[in-house]
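Inspection log for the structure reproduced underneath, given as C-alpha cells.
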Amino acid sequence: MKPALTFHGIPLSGEVYPYNRRDRVPVLTDEEFADLLRPLVGHQDVKAFGWRQYVPYFNDGEPCEFSAYDVWVQTVADTDPEDPDDFDGDGFEVGDYHPTMGTQRWDDRTGRFETRHGLYPEVNALAEALSKAIRSGSADHVLRAAFGDHAIITVTAGGIDVAWYDHE
314 MKPALTFHGI PLSGEVYPYN RRDRVPVLTD EEFADLLRPL VGHQDVKAFG WRQYVPYFND
374 GEPCEFSAYD VWVQTVADTD PEDPDDFDGD GFEVGDYHPT MGTQRWDDRT GRFETRHGLY
434 PEVNALAEAL SKAIRSGSAD HVLRAAFGDH AIITVTAGGI DVAWYDHE
C-alpha cells in the first residue's frame, strides 16, 4: 500500500508528479554570477571560456525549458582549434578529460576512474565552480536575460561574445 502523502500535515490526494530538480536550486543574483565569472576573465592561464545556452526544440515529451550546457575552458597550454570561426569548446569541457586542466576519466583496463592532475589546479577549481552554477540551473534567469536564447557564449580578456547557436 502506498503511504499517504501530506504537505506539512495536510493530506494530499491525486497524482503528484516529480518536480524538475532545477525548481529547487538556489537562485543566483547577477552579481553572484559575475563573481564566479570575473576570476576567469583575464586570468593569465586562460585564453577563453564559455558555454552553450538554449531551449531545446524537443525533449522526448518533457517540457522544453531553457538551460545552459557544456561549460568549457581553453588554457594557454591548449592547442588552438583548426577553425576558430567554428570553435564551440568541444574537447575543453569542464569535468571531462580536459587536456591541460586534468580531471577523471574511466579506465576500461582497470575498471576505475583515473585521476589526472592538470597544469592549472587554480583554473580548474574556478571553472568547476562556474560550471556547477551553470549546470545546476541556479543562474538560468541571469544567463537568459543577459545573453538570450540559442547562444554560444565565449569569454576572453577582451570581453564576452554572444553568437547564434544552432543546436538542432
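If you're matching positions, the sequence shown starts at 314 in this note's numbering and goes up one per residue. Glycine is no exception: its CB is placed at the ideal position from the N, C-alpha and C atoms.
Check residue i in the structure and name its three-state DSSP category.
i           : result
residue 422 : coil
residue 407 : coil
residue 442 : helix
residue 389 : coil
residue 397 : helix
residue 354 : coil
residue 324 : strand
residue 459 : helix
residue 361 : strand
Relative to the C-alpha of residue i, which candidate in the options has its C-alpha closest?
i           : options            : result
residue 460 : 445, 319, 381, 356 : 381
residue 397 : 360, 462, 450, 443 : 360
residue 454 : 351, 388, 368, 416 : 368
residue 462 : 340, 475, 451      : 475
residue 410 : 384, 457, 395      : 384
residue 473 : 425, 351, 324      : 351
Sort out for me which residues DSSP pairs residue i with in a bridge.
i           : result
residue 473 : 468
residue 417 : 428
residue 380 : 367
residue 342 : BP columns for residue 342 are empty, so no partner.
residue 447 : Residue 447 is not bridged to any residue.
_Inter-stretch contact at 8 angstroms, needing at least 3 Cβ pairs: the segment 339-349 / the segment 414-426_ = no
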